[in-house]
Amino acid sequence: MSLSRRHAFGALGCMFCAVAVTPPRPADAAGGVPKTDLTPDQALARLMYGNRRFVADQPIQPDIGSARRRALSAGQAPYATIVACADSRSAPETLVGAGLGEIFVTRVAGNTVPAPDLASIAYAVDVLGTPLIAVLGHESCGAVAAAVAVVTQGLVVPPIMQPMLGPLIFAVNAVRNQPGDLLDNAVRENARQGARQLSRQPEFAEKIAAGKLKIVAARYDLDEGQITLLDT
């Protein structure tokens, strides 16, 4: 990591925790808390186990008590990063039974990866050491449904929403002629595109090749509660 890159991540660390007077170095950005020792596959297995418990109505009880809060005041070392939709029905921590400090989450309508979110994900991977990124779409996503309406019905959306819809429209067009439900096909394709976008980032690609990082796409079923991994 170059000196300038270390300084850039140090600034990010300061922005996220808002307690350091001077920008910390990447090695110290997690507050001295050891990074997870889980492999990418182990981190994925842990996520999926938590979701199976959720589906079975036997959810893991997350650790959110005062002792955990005090321990986390020294720093954080999440074992996974989840790129999720802002939809109130798909809160990632709940779906996988994660407690405080266990997963790093970015959320934006349509679970896309705009530049600020990409920087946040890079912080999670490079500084906090998460070995897994999961891009999580969900059934009946309203943002994707709006993109479908733009493509199929010529829906005109307010200018403030247009930047959000660009990647989603691309996903809709990619599956427009496929059999099946267009909305659900687009939800799946959008998650796949997000995972592929992240996998193409040079720093992430290097970690993937070294076996230190895995990036997956997934879909959450609203009524069943199940997270399904998608081929990318």
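Reminder that position 7 of the sequence shown reads as 11 in our numbering, one-by-one numbering, no gaps.
C-beta: ideal position from N, C-alpha, C; glycine also.
What you are looking at is a predicted structure, and each value in this text was computed from that prediction instead of being measured.
Residue i burial status per 10 Å Cβ neighbour count (16 or more: buried)
i, result
"Arg223", "buried"
"Ala78", "exposed"
"Asn181", "exposed"
"Pro183", "exposed"
"Gln96", "One detail in the question is off: residue 96 reads as Pro in this sequence, not Gln. Classification of Pro96: buried, given that the 10 Å Cβ count is 16 or more."
"Ile164", "exposed"
"Ser70", "exposed"
"Glu106", "buried"
DSSP state of residue i mapped onto helix, strand, coil
i, result
"Arg180", "coil"
"Leu187", "helix"
"Arg223", "strand"
"Ile64", "coil"
"Lys211", "helix"
"Leu42", "coil"
"Leu169", "helix"
"Thr156", "helix"
Whole-number beta carbon distance between residue j and residue i, since they are thought to touch under 8 Å
i, j, result
"Ala190", "Leu136", "Incorrect: roughly 25 Å between the Cβ atoms, too far for contact."
"Ala88", "Asn55", "Actually they do not touch by this definition, with Cβ atoms about 13 Å apart."
"Gly101", "Arg57", "6 Å"
"Phe108", "Leu132", "6 Å"
"Ala147", "Leu187", "Not a contact, Cβ separation roughly 11 Å."
"Pro82", "Thr156", "About 39 Å; that fails the 8 Å criterion."
"Ala195", "Leu140", "7 Å"
Contacts around residue i, its chain only, beta-carbon distance under 8 Å, and the 5 residues preceding and following it disregarded
i, result
"Ala153", "Leu159"
"Gln201", "Val117"
"Phe174", "Gln197"
"Ala185", "Correcting the residue identity first, residue 185 is Asp in this sequence and not Ala. Counting only Cβ-Cβ distances below 8 Å, and skipping sequence neighbours, we find nothing."
"Arg93", "His142, Leu226"
Within-8 Å CB hit, residue i to chain D
i, result
"Leu172", "Given the protein chain composition of this structure (a single chain), no chain D is represented."
Neighbourhood of residue i by C-beta distance below 7 Å, restricted to the same chain and skipping five residues each side
i, result
"Ala113", "Cys89, Ala90, Ala147, Met168"
"Leu233", "Val220, Ala222"
"Ala178", "Glu193"
Cβ-based neighbour list, residue i, same chain, cut-off 6 Å, excluding 5 preceding and 5 following
i, result
"Ser124", "Thr110"
Could you tell me which whole beta strand (DSSP E) segments of length 3 or greater appear in the stretch 77-101?
The qualifying runs are 84-88.
Can you give, in chain order, each stretch of the beta strand (DSSP E) that sits fully within the stretch 97-142 and has at least 3 residues?
Taking only runs of at least 3 residues, the beta strand (DSSP E) segments lying wholly in the stretch 97-142 are 107-111, 136-142.
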